[in-house]
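**Student:** Following this message is one structure expressed as structure tokens.
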Amino acid sequence: MLEQEDKATGLKIFLASLDTSHIKHLIKLAQDPGLPDLVGWDTFFELDDTEQFIQAISLYAFPYSRQSQPIVFGIYLKPEGLPIGYVVLKGLNKDLLTTEIGIAILDKEYRSKGYGKLALKGLIIYAFEELNIQKIGAVILLSNKRSINLFKNLGFVVTETMYKSWPMPNGELADMVLMELTGHASAVGAGLGI
Numbered sequence: 002m003l004e005q006e007d008k009a010t011g012l013k014i015f016l017a018s019l020d021t022s023h024i025k026h027l028i029k030l031a032q033d034p035g036l037p038d039l040v041g042w043d044t045f046f047e048l049d050d051t052e053q054f055i056q057a058i059s060l061y062a063f064p065y066s067r068q069s070q071p072i073v074f075g076i077y078l079k080p081e082g083l084p085i086g087y088v089v090l091k092g093l094n095k096d097l098l099t100t101e102i103g104i105a106i107l108d109k110e111y112r113s114k115g116y117g118k119l120a121l122k123g124l125i126i127y128a129f130e131e132l133n134i135q136k137i138g139a140v141i142l143l144s145n146k147r148s149i150n151l152f153k154n155l156g157f158v159v160t161e162t163m164y165k166s167w168p169m170p171n172g173e174l175a176d177m178v179l180m181e182l183t184g185h186a187s188a189v190g191a192g193l194g195i
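Written out as structure tokens, the structure is:
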């Protein structure tokens with residue numbers, strides 16, 4: 002279990018692996034009709050579709066990403082509670098020491114309150130310090146300005162905008178941005194506390 006705290010705000014989260022019942026809880030939270038427009042994939046799963054849910058949150062887009070076992074953590078406010086969302090490292094390339102990162106605060110009550118930023122900080126620190134990752138990529142829908150700003154505040158830079166490149170659940174093609182955070186020095190500069 003990883004713990005991340007923001008001393009200024011007093012917010013605290015815990016990142017921990019998910020058991021099947023907690024994945025089912027996230028599947029219930031993901032039944033939000035507005036969520037596919039934010040994340041870019043169909044978020045409606047049957048409760049027993051836990052493997053398909055993990056596959057969906059593990060899709061990667063960067064050319065340097067590789068098929069690998071995703072590292073998924075639930076985001077918890079209390080160690081014994083239910084998750085409010087998830088963070089994931091996916092497409093881990095052990096040769097280039099790269100990975101992609103993904104996040105979703107699925108419980109509407111906790112969106113836009115700083116929990117996502119804390120969770121991302123914790124996972125970025127884990128990736129750099131524990132996995133020796135050198136570059137972390139993020140793929141975000143261009144229409145999701147809040148997420149783009151969040152990643153910029155964490156030190157990520159936009160490396161490419163890809164127009165009409167992401168197939169949405171409704172069949173339309175959406176624009177997306179590729180963002181990257183490179184190396185330990187970038188993380189220190191972004192105030193990640195590494």
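In the working numbering, each residue's number is its place in the sequence shown (first place is 1) plus 1.
For each residue, glycine too, the CB sits at the ideal point set by N, CA and C.
With a 10 Å radius around its C-beta and 16 neighbouring C-beta atoms as the bar for buried, classify Pro84 as buried or exposed.
**Tutor:** When all chains shown are included, Pro84 counts as buried.
**Student:** Consult DSSP for Ile85 and reduce its assignment to one of helix, strand or coil.
**Tutor:** Here Ile85 sits in coil by DSSP.
**Student:** Quick check: Tyr65 and Thr99, are their CB atoms within less than 7 angstroms of each other?
**Tutor:** Contact: yes.
**Student:** Please work out which residues of its chain come closer than 8 angstroms, Cβ to Cβ, to Phe46, disregarding the five sequence neighbours upstream and downstream, and give them in chain order.
**Tutor:** Ile28, Ala31, Gln53, Phe54 and Ala57.
**Student:** If contacts are defined as beta-carbon pairs under 8 angstroms, then Ile106 and Ile76 qualify, I think. What distance do you get, rounded to the angstrom?
**Tutor:** Between Ile76 and Ile106 the Cβ distance is about 7 angstroms, and since that is below 8 angstroms, they are a contact.
**Student:** Rounded to the nearest angstrom, what separates Gly115 and Asn150 at their Cα positions?
**Tutor:** Each residue's Cα considered, the two are about 13 angstroms apart.
**Student:** Identify, in the order they occur along the chain, each residue of the same chain with its Cβ nearer than 6 angstroms to the Cβ of Thr44, setting aside the five sequence neighbours on each side.
**Tutor:** For Thr44, where only same-chain residues beyond five positions count, the Cβ hits under 6 angstroms are Ala31, Leu36 and Pro37.
**Student:** Buried or exposed for Asn154, please, with buried defined as at least 16 other CB atoms from any protein chain shown within 10 angstroms of its CB.
**Tutor:** Flag for Asn154 reads exposed.
**Student:** Between Ser148 and the rest of its own chain, which residues show a CB-CB distance below 7 angstroms, the 5 nearest in sequence each way excluded?
**Tutor:** Answer for Ser148: Ile141, listed in chain order.
**Student:** With distances taken from CA atoms, which of Glu161, Leu143 and Thr183 is nearest Leu174?
**Tutor:** Measuring from the Cα of Leu174, the nearest candidate turns out to be Leu143.
**Student:** Does DSSP classify Gln135 as helix, strand or coil?
**Tutor:** If DSSP states are grouped into helix, strand and coil, Gln135 belongs with coil.
**Student:** Find out if the Cβ-Cβ distance for the pair Met180, Ala139 is shorter than 7 angstroms.
**Tutor:** Yes; because the gap between Cβ atoms is below 7 angstroms, this pair is in contact.
**Student:** Which word fits Val48, buried or exposed, when buried means at least 16 other C-beta atoms lie within 10 angstroms of its C-beta?
**Tutor:** Checking the sequence shown, residue 48 turns out to be Leu, not Val. With fewer than 16 other Cβ atoms within 10 Å, it is exposed.
**Student:** Give the DSSP bridge partners of Tyr77, in chain order.
**Tutor:** Answer is Phe15.
**Student:** Which of helix, strand or coil does DSSP assign to Asp43?
**Tutor:** DSSP places Asp43 in coil when its eight states are reduced to three.
**Student:** Between Leu60 and Ser69, what straight-line distance do the alpha-carbon atoms span, to the nearest angstrom?
**Tutor:** For Leu60 and Ser69, the distance between alpha carbons rounds to 10 angstroms.
**Student:** Can you give the Cα-Cα distance for His23 and Leu97, rounded to whole angstroms?
**Tutor:** In a straight line, the C-alpha of His23 is about 32 angstroms away from that of Leu97.
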